[in-house]
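Below is one structure; the comments refer to it alone.
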Amino acid sequence: MKNRSIKTQLLQLCNQSLETRLQSVLAVIEDIKQSLQSETKSSAGDKHETGRAMLQLEREKAGHQLAEIEKTKQILSKINTESTSKNIGLGSVVYTTTSNYFISISAGELKVENETFYAISASTPIGQLLLGKSIGDKVTFRNMTFEITEII
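For what it's worth, this note's numbering labels the leading residue of the sequence shown as 82, then goes sequentially.
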């Protein structure tokens, strides 16, 4: 039960991290909308057009960030906290001799029950090295070799 609890808590932390990013992007989009609506034509027409073009670029960038967040949400929705596997895959909690990992999304360092985990995407270099491995396998990353001690 403890194992599933850790995986559930890690998934919740990843969802919270994603929600924070989403709120931040939505706030930026709202600011841009306000700026576009409040900007009035000045006597310096070129300056006005340049300002509007910059705001449009910012809005487009925020739109791309929003799309990325949606893709990331879909990845998280595929994680089943009830499943376990002998091989590392999406949703695995991986204990090694150096660090602990949660194969999910890139959300950085997470702390659960006084343990530190690194939430990493399966598409990151370390994620790619870990995928498919099992307990006892050794992995070398950035001139450091470590062993997989447990998989949840």
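We put the CB at the ideal spot given by N, CA and C, even for glycine. Here the structure is a predicted model, which means the values were calculated and not measured.
Whole-angstrom distance between leucine 212 and glutamate 196, CA atom to CA atom: Note on geometry: alpha-carbon atoms of glutamate 196 and leucine 212 lie some 22 Å from one another.
Express the C-alpha separation of serine 173 and isoleucine 87 in angstroms, rounding to a whole number. 11 Å
Got a sec? Which residues, its chain only, sit under 7 Å from threonine 89 by beta carbon, not counting five neighbours each side? Thr162
Looking at valine 106 and alanine 143, is the spacing between their C-beta atoms short of 7 Å? yes
Could you check which residue in Thr177, Thr165, Ser187, Ile169 has the C-alpha nearest to that of isoleucine 156? Measuring from the Cα of isoleucine 156, the nearest candidate turns out to be Ser187.
Look at the alpha carbon of leucine 117 and the alpha carbon of isoleucine 150, and state the distance between them as a whole number of angstroms. 24 Å
I need the straight-line Cα distance from isoleucine 232 to glutamine 97, nearest angstrom please. 24 Å
So, are the CB atoms of alanine 200 and phenylalanine 183 less than 7 Å apart? For alanine 200 and phenylalanine 183, yes; Cβs fall inside 7 Å.
On a CA-only basis, which of Ile113, Ser158, Lys152 is nearest leucine 138? Give me that one, please. Ile113
According to the neighbour-count rule (16 or more other Cβ atoms, all chains shown, within 10 Å of its Cβ), is asparagine 84 buried or exposed? exposed
Keeping to the same chain, check which residues put their C-beta closer than 8 Å to that of threonine 177; ignore five residues upstream and five downstream. Val220, Phe227, Glu228, Ile229, Thr230
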